[in-house]
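Asks:
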Amino acid sequence: MPQGQPSVVPDDGLTTRQRRNRPLVIVHTGIGKGKSTAAFGLALRAWNQGWPIGVFQFVKSAKWKVGEENALRVLGASGEGGSVDWHKMGEGWSWVQRDAQMDNEEKAREGWEQVKRDLAAETYKLYVLDEFAYPMHWGWVDTDEVVSVLRERPGTQHVVITGRNAPEKLVGLADLVTDMSKVKHPMDAGQKGQRGIEW
1 MPQGQPSVVP
11 DDGLTTRQRR
21 NRPLVIVHTG
31 IGKGKSTAAF
41 GLALRAWNQG
51 WPIGVFQFVK
61 SAKWKVGEEN
71 ALRVLGASGE
81 GGSVDWHKMG
91 EGWSWVQRDA
101 QMDNEEKARE
111 GWEQVKRDLA
121 AETYKLYVLD
131 EFAYPMHWGW
141 VDTDEVVSVL
151 RERPGTQHVV
161 ITGRNAPEKL
171 VGLADLVTDM
181 SKVKHPMDAG
191 QKGQRGIEW
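Just so you know, this note's numbering puts 116 at position 116 of the sequence shown, and the rest follows in order with no gaps.
1) Taking 8 angstroms as the threshold (C-beta atoms), are residue 128 and residue 160 in contact?
2) With contact counted as at least three CB pairs below 8 angstroms, one residue from each stretch, are the region 38-57 and the region 5-15 in contact?
3) Would residue 25 pass as a contact of residue 173 if the rule is Cβ separation under 8 angstroms?
4) Indicate the three-state DSSP secondary structure (helix, strand or coil) for residue 214 in the structure shown.
5) Do residue 180 and residue 32 have their C-beta atoms within less than 8 angstroms of each other?
6) With H, G and I counted as helix, E and B as strand and the rest as coil, what does DSSP make of residue 137?
7) Could one say the Cβ of residue 147 lies closer than 8 angstroms to chain B's Cβ atoms, at least one of them?
8) Here's a check: name, in chain order, each residue in its chain whose Cβ is nearer than 8 angstroms to the Cβ of residue 122, leaving out the five neighbours to either side.
9) Pick helix, strand or coil for residue 144, following the three-state DSSP scheme.
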């Protein structure tokens, strides 16, 4: 794709501008680090464009302090770019403590219901559904319903979904899918996560 030129121009009857401004479903999946980080990078770009942004964190605890949250909240309140709303749905690290996570399952469903309401109302231009692949993978949220809602969403709303094990049906719907692979990670050598890198 030299100089940003697409390798294929579809015969879909759309102008270049119409095709360029299509709303996208983006999936960041895989076992490597950086899925949420990349999604928050997109949120920074969206903020700069003046877009309203909705971040919905599934699974992660409401007590978990994420560095991007503070930065995006400050930027959203600055009045210089887009607005930022941040919603936390989970109670803890469910992939570590799965047996004790019935509350997480309910909160994930409630969170998805809120996302559906916001999509119907066209509340945001960019949605970051952080760790949302997990509730679908575990069967907490119906993947077929998610795919249907995203396919039929009105307007020009972009949706970014992160998390390991993104369901194949979601991958099939998505316009952009990045599989983050792991080559090396400090945890492999016994090092825990650290300030400024993991949070």
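Note that beta-carbon positions come from the ideal geometry of N, C-alpha and C, so glycine has one too.
Since this is a predicted model, take the numbers as computed values, not measurements.
Replies: With the given structure in hand:
1) yes
2) no
3) Contact flag set, yes.
4) Because the chain spans 1 through 199 in this model, residue 214 falls outside it and cannot be assessed.
5) yes
6) helix
7) In summary, chain B is missing from the structure at hand, where a single protein chain is found.
8) 154, 155 and 157
9) helix
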